[in-house]
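Q:
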Amino acid sequence: MSGMFVHNLKLGAASLRRNPLLTALMIMSIGFGVAASMVTFSVFRAVSGDPIPQKSARLFTPQIDNRGPQYNRHGEPPDALTYTDAMALMRAHRAARQTLLFMVGLSVMPDNARIMPFKAVGYATHGDFFPMFDVPFLYGRPWGASEDEARAPVVVIGRALNQKLFGGANSVGREITMDDRQYRIVGVIDDWNPVPRFYDMFSNGAFGDAPQIYIPFTYAIAQKIDTYGSNSCGSVGARGDDWDSWLRGECVWVSAWVQLDTPGQVRAYRQFLDGYAEDQRRAGRFAWAPNNRLRDVTAWLDYEHAVPPESRIALSVALGFLVICLVNTIGLLLAKFMRRAPEIGVRRALGAARGDIYRQFLAEAGMVGLAGGLLGVLLTGLGMLGVGLVFEPAVAKLATLDLSLVALTLLVAVLATLLAAFYPTWRAAQVQPAWQLKSN
Amino acid sequence: MQIKPILSALRQHKAGTLLIAMQIALTLAIVCNALFIIQQRLAHLSEPTGIDEPDIFVVQNEWVGKLSTSQADARMQEDLRAIRQLASVQDVTPSNSYPLRGSGWDDGIRLKPDQLQDTSGSTVYFGDEHFIDTLGVKLVAGRNFRPEEVAPMDMRYSLSPPVVIVTRALADKLFPAGDALGKTIYLAGSPTAIVGIIDQLQAQSVERWAAAFAHRSVIVPRRLAVSLGAYYIVRARPGQLDAAMRETPRALFAINPRRVISDKDGLLSFAQVRDRAYERDRGMAILMGLICVVLLAITAAGIVGLTSFWVGQRRKQIGVRRALGATRRDILGYFLTENLLISCGGALLGVLLAVAVNLWLVVRFEMNRLSLAYVLAGVVLLLLLGQGAVLAPALRASRVPPVEATRSV
Numbered sequence: 001m002s003g004m005f006v007h008n009l010k011l012g013a014a015s016l017r018r019n020p021l022l023t024a025l026m027i028m029s030i031g032f033g034v035a036a037s038m039v040t041f042s043v044f045r046a047v048s049g050d051p052i053p054q055k056s057a058r059l060f061t062p063q064i065d066n067r068g069p070q071y072n073r074h075g076e077p078p079d080a081l082t083y084t085d086a087m088a089l090m091r092a093h094r095a096a097r098q099t100l101l102f103m104v105g106l107s108v109m110p111d112n113a114r115i116m117p118f119k120a121v122g123y124a125t126h127g128d129f130f131p132m133f134d135v136p137f138l139y140g141r142p143w144g145a146s147e148d149e150a151r152a153p154v155v156v157i158g159r160a161l162n163q164k165l166f167g168g169a170n171s172v173g174r175e176i177t178m179d180d181r182q183y184r185i186v187g188v189i190d191d192w193n194p195v196p197r198f199y200d201m202f203s204n205g206a207f208g209d210a211p212q213i214y215i216p217f218t219y220a221i222a223q224k225i226d227t228y229g230s231n232s233c234g235s236v237g238a239r240g241d242d243w244d245s246w247l248r249g250e251c252v253w254v255s256a257w258v259q260l261d262t263p264g265q266v267r268a269y270r271q272f273l274d275g276y277a278e279d280q281r282r283a284g285r286f287a288w289a290p291n292n293r294l295r296d297v298t299a300w301l302d303y304e305h306a307v308p309p310e311s312r313i314a315l316s317v318a319l320g321f322l323v324i325c326l327v328n329t330i331g332l333l334l335a336k337f338m339r340r341a342p343e344i345g346v347r348r349a350l351g352a353a354r355g356d357i358y359r360q361f362l363a364e365a366g367m368v369g370l371a372g373g374l375l376g377v378l379l380t381g382l383g384m385l386g387v388g389l390v391f392e393p394a395v396a397k398l399a400t401l402d403l404s405l406v407a408l409t410l411l412v413a414v415l416a417t418l419l420a421a422f423y424p425t426w427r428a429a430q431v432q433p434a435w436q437l438k439s440n
Numbered sequence: 441m442q443i444k445p446i447l448s449a450l451r452q453h454k455a456g457t458l459l460i461a462m463q464i465a466l467t468l469a470i471v472c473n474a475l476f477i478i479q480q481r482l483a484h485l486s487e488p489t490g491i492d493e494p495d496i497f498v499v500q501n502e503w504v505g506k507l508s509t510s511q512a513d514a515r516m517q518e519d520l521r522a523i524r525q526l527a528s529v530q531d532v533t534p535s536n537s538y539p540l541r542g543s544g545w546d547d548g549i550r551l552k553p554d555q556l557q558d559t560s561g562s563t564v565y566f567g568d569e570h571f572i573d574t575l576g577v578k579l580v581a582g583r584n585f586r587p588e589e590v591a592p593m594d595m596r597y598s599l600s601p602p603v604v605i606v607t608r609a610l611a612d613k614l615f616p617a618g619d620a621l622g623k624t625i626y627l628a629g630s631p632t633a634i635v636g637i638i639d640q641l642q643a644q645s646v647e648r649w650a651a652a653f654a655h656r657s658v659i660v661p662r663r664l665a666v667s668l669g670a671y672y673i674v675r676a677r678p679g680q681l682d683a684a685m686r687e688t689p690r691a692l693f694a695i696n697p698r699r700v701i702s703d704k705d706g707l708l709s710f711a712q713v714r715d716r717a718y719e720r721d722r723g724m725a726i727l728m729g730l731i732c733v734v735l736l737a738i739t740a741a742g743i744v745g746l747t748s749f750w751v752g753q754r755r756k757q758i759g760v761r762r763a764l765g766a767t768r769r770d771i772l773g774y775f776l777t778e779n780l781l782i783s784c785g786g787a788l789l790g791v792l793l794a795v796a797v798n799l800w801l802v803v804r805f806e807m808n809r810l811s812l813a814y815v816l817a818g819v820v821l822l823l824l825l826g827q828g829a830v831l832a833p834a835l836r837a838s839r840v841p842p843v844e845a846t847r848s849v
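As they're listed, the protein sequences go chains A and B.
The numbering of the first sequence is the working numbering, which starts it at 1 and goes up by one.
The numbering of the second sequence is the working numbering, which starts it at 441 and goes up by one.
#1: Does the beta-carbon distance from Gly373 of chain A to Leu418 of chain A come in below 8 angstroms?
#2: Using a Cβ-Cβ distance cut-off of 8 angstroms, determine whether Arg515 of chain B contacts chain A.
#3: Is there at least one Cβ from chain B nearer than 8 angstroms to Leu384 of chain A's Cβ?
#4: Whole angstroms is fine: what's the gap from Val395 of chain A's alpha carbon to Ile313 of chain A's?
#5: If you measure between the beta carbons of Arg97 of chain A and Asp65 of chain A, is that distance less than 8 angstroms?
#6: Quick check: what's the CA-CA separation for Gly320 of chain A versus Thr563 of chain B?
#7: Within the region 698 to 725 of chain B, note down every full beta strand (DSSP E) run reaching 3 residues or more, in order along the chain.
#8: At a Cβ cut of 8 angstroms, what residues of the region 113 to 127 of chain A count as close to chain B, listed as they run along the chain?
#9: Nearest chain A C-beta to Val819 of chain B closer than 8 angstroms, yes or no?
#10: Provide the residue span of the alpha helix (DSSP H) that contains Ala428 of chain A, from first to last.
#11: Can you list, in chain order, the residues of its chain with a C-beta nearer than 6 angstroms to that of Thr40 of chain A? Leave out the 5 residues immediately preceding and following it.
#12: Can you confirm whether Ser598 of chain B, when its beta carbon is compared against all beta carbons of chain A, has any partner nearer than 8 angstroms?
#13: For a test of the three-state rule: what should DSSP assign to Trp750 of chain B, helix, strand or coil?
#14: Would you kindly work out how many angstroms separate the C-alpha atoms of Ala36 of chain A and Ala24 of chain A, rounded to a whole number?
#15: Chain A beta carbons: is any one of them nearer than 8 angstroms to that of Met685 of chain B?
#16: Can you check which of these residues, B:Arg481, B:Leu551, B:Gln479, B:Asn501, is closest to Pro616 of chain B by C-alpha distance?
#17: Are any of the Cβ atoms in chain A nearer than 8 angstroms to that of Ala711 of chain B?
#18: Quick one: residues in its chain with C-beta nearer than 7 angstroms to the C-beta of Pro211 of chain A, no 5 flanking neighbours on either side, listed in chain order?
#19: List the whole-angstrom C-beta distance separating Met728 of chain B from Ile477 of chain B, where the pair is believed to meet the contact cut-off of C-beta under 8 angstroms.
#20: Just to confirm, is the Cβ distance from Ala349 of chain A to Pro424 of chain A under 8 angstroms?
#21: Mind pulling the chain A residues with CB within less than 7 angstroms of Lys506 of chain B?
#22: Considering only residues of the region 268 to 324 of chain A, which uninterrupted beta strand (DSSP E) runs meet the minimum length of 3 residues and lie entirely inside it, listed in chain order?
#23: What number of angstroms, rounded off, separates the C-alpha of Gly264 of chain A from the C-alpha of Cys233 of chain A?
#24: Compare the Cα-Cα distances from Asp558 of chain B to each of B:Val751, B:Ile731, B:Ile625 and report the closest residue.
#25: At least one CB of chain B closer than 8 angstroms to the CB of Pro309 of chain A: is that the case?
#26: Tell me the DSSP bridge mates of Asn501 of chain B?
#27: Consider the Cβ of Gln463 of chain B: report whether some Cβ of chain A lies at a distance smaller than 8 angstroms.
#28: If you follow the beta strand (DSSP E) that Pro393 of chain A is part of, which residue opens it and which one closes it?
#29: Starting from Ala314 of chain A, find everything on chain B with Cβ-Cβ shorter than 8 angstroms and list it in chain order.
#30: When the Cα of Asp50 of chain A is compared with those of A:Pro309, A:Thr298, A:Leu389, which residue comes out closest?
#31: Return the Cβ separation of Leu831 of chain B and Ser783 of chain B in integer angstroms, given the expectation that the two are a contact with Cβ distance under 8 angstroms.
#32: For Met109 of chain A, return the contacting residues in chain B, with the cut-off set at a CB-CB distance below 7 angstroms.
#33: Using a Cβ-Cβ cut-off of less than 7 angstroms, give me the residues of the region 773 to 790 of chain B that come near chain A, in sequence order.
#34: Please list, in chain order, the chain A residues whose beta carbon lies closer than 8 angstroms to that of Ile731 of chain B.
#35: Taking the runs of the alpha helix (DSSP H) that are 4 residues or longer, which of them lie wholly in the region 456 to 543 of chain B?
#36: Is it right to say Arg556 of chain B is buried, meaning 16 or more other beta carbons lie within 10 angstroms of its own, or is it exposed?
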């Protein structure tokens, strides 16, 4: 059998060499079609993947409607919480784990006077953030509830910042100065930047660089550190003129996340949210029925349209392109196989079964597919270099040609070509031995 | 040229005919829509901001440490004076944002204090009395801000400027009768009077969600005085942009080094701002262009391949026709007409497909409806492509000698 297979491959190779132009056209057609699909697919895969697959069904972000039906958008509550509501959720402590967060941008003032001050962007959050999101630590550990309570000036820094300031050494226990405040480093995390950044879709950084600082939410509030991210005040009018009225006001700027491990916990948390909104109504703050949401990571990303429409359009168009390339290949294979009708007739007359013809021609098509796939890998590699021209840099750099993509490229090329070869092969196998011999 | 014999010959090659027609149809569907997307994106990214772009650059200045509003304001004033003294600089204005930045302060405008829904959304730009001159926007009615109207403001304060300047687009939306000047409007809930109208000033975001108020901007006489810093919009003297972009940060660090001007995006010429704002649109146009070119090439190659095969298959028949008196031109015409028939069939199907694809894009991605001109352009393009592709094999066919009729393979 394997000897026959090798024989078929040899026959195929000889036939491909006989018609170099047609062969080249087919290989190019497959190569371009597969490469276009793979480049756009790699971008799509990067932007549409589950950023935290092991936990995405257990992490939820609560939304509370503090605007009411007159001012909210399409009946949906705002995408973030007011400080008032966020703090109420933290105090109630109804989930296994919970954290608040908002973006901060602090100026790092290095001890080394030769390094100019620079901006470090990250989050003010609670200690639960790290175990909740499975953040990997290089050195040290997250801060705990006691530091949250004590509003301690501690910081967890990212690997890149640790590299820049301490040459990558274990910096736990050392101090850094940011905006004239001293922070003690309690942990250094490894490269960690889930994409899209599901936990902060509100501040527009879905595909941004990895955050480099994390400080306690409580400390940031005590120090009046303002958000570096978005805020939305809706149509609620006056804003007040100081920090306290900003905190007490109805602008939303805090994101909240809770971990709920069972459907029962999720139900209970929904009830809790509705109860809270009901309390607010009774207290006269809300004049409408509870209108809350509790979305898990997948539902949240979907709601926020995390996948850029460009990458969807590009992928759809590229798939259409692949289909055309396949239609093209069917035509070319048909031409190529039927041109050999006399040869098939002779082989059939000499006793070759239909199955032999099938095997021979499919082997030939498989070789075309493999060659097309190899060209496709090459073109995909080239396409990766040019992907920055087509997608915005933050998205483009997510697309990589890894081993799985190479394998997928080859697989798609061979399978697609075999699929395309079915009809031409079937036609070839229908060639009648007698008819061919007579007509020649 | 007789069409009937061609049709009956095509019936002998149903599969090949169908494949070419299908390929033309699919190609047409994609090419029409791709060309349309290219045109839409190019139109979007060539929209004018209304400002004097070639001479403008932006500095994002962020302070180190915590500053009070008055401290931040004093430092900013010091910076602005230093920038204005540079020989390469014509003028400078501090702001919270600038056109095409991507995001910033948007707020609602109402005509009455007790109104429930906003009359219009708007982009809020902070600016002092230098704003109009620095950006090079044209004041078409009313007056500029007076220095005494411009006040420092913290980001978290409520916004209640006594006067504002609005764009013509916003003025026309609020007061369609054209009498906006002097009127009171409610910006973020506070009353304010329109004292000036400028010709045009684009919003910060070019995304779809901001399209409704893309040119409805309002300028408030405020300086953003916060420790997070602000943007300095600088206008260089004509032709001195590079020098001004070099000298400005140097001058700023000379006054006070306790600041951050990011290497990545702390200093941007407006050309860079424009590039960044539209990189998605440009990318989409490039991608669609590439796909069109490769797709047309592949379709042409497919036609060449299949037609060559047909020519090879029919050498004997061609020879017979030649022997019976058909001229070379007849043979050439035969293959060209054959291709035209197939192409027309494919194009017919392709037009339907193109419209279907477009409808899907409209529903799925809120794109615009395909205009018929693009469908027609696509049809013509593909018919020409088909004729061009078939030319080489057809010429080869026309050169088949009559003596071929007598050969047996």
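Glycine included, C-beta positions come from ideal geometry on N, C-alpha and C.
A: Quick look at the numbers:
#1: Counting from 1 along the first sequence, the entry for residue 373 of chain A is found at position 373. Counting from 1 along the first sequence, the entry for residue 418 of chain A is found at position 418. No. Outside cutoff.
#2: Within the second sequence, residue 515 of chain B is the residue found at index 75, counting from 1. No, Arg515 of chain B does not count as interfacial toward chain A.
#3: The count along the first sequence starts at 1 and reaches residue 384 of chain A at position 384. Note on identity: in this sequence residue 384 of chain A is Met, with Leu being the wrong assignment. For Met384 of chain A, the answer is no, since every Cβ of chain B falls outside 8 angstroms of its Cβ.
#4: Sequence index remark: in the first sequence, residue 395 of chain A carries index 395 (1-based). Sequence index remark: in the first sequence, residue 313 of chain A carries index 313 (1-based). Going by the C-alpha atoms only, they are around 15 angstroms apart.
#5: Stepping through the first sequence from its first residue, residue 97 of chain A is reached at position 97. Stepping through the first sequence from its first residue, residue 65 of chain A is reached at position 65. Contact flag unset, no.
#6: Here residue 320 of chain A refers to the residue found at position 320 of the first sequence. Here residue 563 of chain B refers to the residue found at position 123 of the second sequence. Looking at the two C-alpha atoms, the distance is approximately 40 angstroms.
#7: 707 to 709
#8: Met116, Pro117, Phe118, Lys119
#9: Reading the second sequence from its first residue, position 379 is the one you call residue 819 of chain B. Chain A, which has no Cβ nearer than 8 angstroms to the Cβ of Val819 of chain B, makes this no.
#10: Here residue 428 of chain A refers to the residue found at position 428 when the first sequence is read from its first residue. Where Ala428 of chain A is concerned, the enclosing alpha helix (DSSP H) stretches over 403 to 429.
#11: Locating residue 40 of chain A in the first sequence gives position 40, counting from the first residue. Excluding positions up to five away in sequence, the list reads Ala314, Leu315, Ala318.
#12: Mapped onto the second sequence, residue 598 of chain B falls at position 158. Closer than 8 angstroms: yes.
#13: Residue mapping note: residue 750 of chain B aligns to position 310 of the second sequence, counting from 1. Helix at Trp750 of chain B.
#14: Here residue 36 of chain A corresponds to residue number 36 of the first sequence, with the count starting at 1. Here residue 24 of chain A corresponds to residue number 24 of the first sequence, with the count starting at 1. Taking the straight line joining both Cα atoms gives about 18 angstroms.
#15: Taking the first residue of the second sequence as 1, we reach residue 685 of chain B at position 245. It does not; no Cβ of chain A falls within 8 angstroms.
#16: Within the second sequence, residue 616 of chain B is the residue found at index 176, counting from 1. Among B:Arg481, B:Leu551, B:Gln479, B:Asn501, the Cα nearest to that of Pro616 of chain B is on B:Leu551.
#17: For the purposes of this step, residue 711 of chain B is taken as the residue at position 271 of the second sequence. So no, Ala711 of chain B is outside the interface.
#18: Sequence index remark: in the first sequence, residue 211 of chain A carries index 211 (1-based). Taken in chain order, the residues that qualify are Val121, Gly122, Tyr123, Gly158.
#19: As a first step, residue 728 of chain B is located in the second sequence; it is residue number 288 there, counting from the start. As a first step, residue 477 of chain B is located in the second sequence; it is residue number 37 there, counting from the start. 5 angstroms between Cβ atoms; contact.
#20: Position 349 of the first sequence holds residue 349 of chain A. Position 424 of the first sequence holds residue 424 of chain A. For Ala349 of chain A and Pro424 of chain A, no; Cβs fall outside 8 angstroms.
#21: Position 66 of the second sequence holds residue 506 of chain B. Going along chain A in sequence order, the residues near Lys506 of chain B (Cβ under 7 angstroms) are Asp179, Asp180.
#22: 292 to 296
#23: To locate residue 264 of chain A, count along the first sequence from 1; it is residue 264. To locate residue 233 of chain A, count along the first sequence from 1; it is residue 233. So the alpha carbons of these two residues sit roughly 34 angstroms apart.
#24: Position 118 of the second sequence holds residue 558 of chain B. With distances taken between Cα atoms, Asp558 of chain B lies closest to B:Ile625.
#25: As a first step, residue 309 of chain A is located in the first sequence; it is residue number 309 there, counting from the start. Pro309 of chain A counts as touching chain B.
#26: What you label residue 501 of chain B is simply residue 61 of the second sequence in a count that begins at 1. Note: Asn501 of chain B sits in a beta bridge opposite B:Ala670.
#27: Residue 463 of chain B sits at position 23 when you count from the first residue of the second sequence. So yes, Gln463 of chain B belongs to the interface.
#28: Numbered from 1 along the first sequence, position 393 holds the residue referred to as residue 393 of chain A. Segment 393 to 396 is the alpha helix (DSSP H) holding Pro393 of chain A; no beta strand (DSSP E) there.
#29: Here residue 314 of chain A refers to the residue found at position 314 of the first sequence. Chain B residues near Ala314 of chain A: Met724, Leu727.
#30: Residue numbering aside, residue 50 of chain A sits at position 50 when the first sequence is read from its first letter. The candidate whose alpha carbon is nearest that of Asp50 of chain A is A:Thr298.
#31: Position 391 of the second sequence, counting from 1, holds the residue named residue 831 of chain B. Position 343 of the second sequence, counting from 1, holds the residue named residue 783 of chain B. That belief does not hold up - the Cβ atoms of Leu831 of chain B and Ser783 of chain B are roughly 13 angstroms apart, past 8 angstroms.
#32: In the first sequence, counting from the first residue as 1, residue 109 of chain A sits at position 109. Those are Val504, listed as they occur along chain B.
#33: none
#34: Working through the second sequence from its first residue, we reach residue 731 of chain B at position 291. By Cβ distance, chain A contributes Ala36, Val317, Ala318, Phe321.
#35: 509 to 525
#36: Your numbering for residue 556 of chain B matches position 116 in the second sequence. The question names Arg, but residue 556 of chain B in the sequence shown is Leu. Exposed is the call here.
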